[in-house]
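First up is the structure itself, then whatever we jot down about it.
In the working numbering, the protein residues as written are 3 to 269.
As structure tokens, this is what we get:
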């Protein structure tokens, strides 16, 4: 039965776990499968065609697990491949860009919205287009932060090196007089305390991943495919193309699940 089928989450690495964390909170009865392509992370500097190819490879893997919904928990992959994948799949497909945009537009008072993300996401202009389509008078300002993902992937998010790199990278953004900043990469919430500290407490940080789970919840209701509240032992499966040891360590810390045993796969 489709209602008991899992929701699939894909990302270039561990960043998508920030979306899974929110899903565990908002949708505790749902079965979840997560695939991180840690071996080929980061996606940000890669050509768009390659990102599309990798995203399809991850999608095919999860389709074989009979998922009922696909969440592209990666901004770079959403920018490159969402439209194409949505058109070709007969299950609901959710990306992370529009939910983040909606939350930012709702929050901003000054209409000056900052966006930080990977090179691929920023170059795509996806956030700017989405913001301006809703609020034509808005003033989006974007900044690529290519050094952030490697920090998170190497489990250095709480290090002094991370603090230094984040402060240096965000320096131009601190001068832009924004009141709202979109964390336009699902890896970035792992750096959230440092980012907030650099930007100042008056700047509201928008976590696209958190907003995305709200959309997932809504679609489960709309298509009537939510799992039963009686499902008190939901399954959590994790797959990675990279090191399971490294993945398990980051996942355990972030999700507060003591016994994560990711399986290694090749795409």
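Backbone N, C-alpha and C fix where the C-beta goes; we use that ideal spot for every residue, glycine too.
Between residue 30 and residue 121, the gap from beta carbon to beta carbon reaches 8 Å or more. Beyond the five residues adjoining it in sequence on each side, residue 143 comes within less than 8 Å, by CB distance, of 114, 115, 116, 117, 175, 178 and 180 in the same chain, given in chain order. With a threshold of 16 other beta carbon atoms within 10 Å, residue 138 falls short and is exposed. Boundaries of the alpha helix (DSSP H) harbouring residue 84: 77-90, taken from the DSSP string. According to the DSSP secondary-structure assignment, residue 240 is paired through a beta bridge with 36. In the DSSP secondary-structure assignment, residue 42 is not bridged to any residue. With respect to residue 159, residue 192 sits close: the two C-beta atoms are nearer than 8 Å. For the alpha helix (DSSP H) assignment, the uninterrupted runs of no fewer than 4 residues enclosed by the region 144-168 are, from N- to C-terminal side, 150-155. Secondary structure note for residue 122: its alpha helix (DSSP H) is the uninterrupted segment 121-126. Using a Cβ distance threshold of 8 Å, residue 54 and residue 93 do not count as a contacting pair.
The Cβ-Cβ distance between residue 202 and residue 24 does not fall below 8 Å. Put simply, of 225, 213 and 154 the residue whose alpha carbon is nearest the alpha carbon of residue 248 is 154. Rounded to whole angstroms, residue 208 and residue 226 show a C-alpha spacing of 28 Å. If you check the CB distance, residue 101 and residue 213 come in under 8 Å. By the CB criterion at 8 Å, residue 240 and residue 253 fall inside the cutoff. When C-alpha distances from residue 6 are compared across 234, 230, 246 and 267, the shortest belongs to 230. Taking C-alpha positions only, residue 257 is separated from residue 269 by approximately 25 Å.
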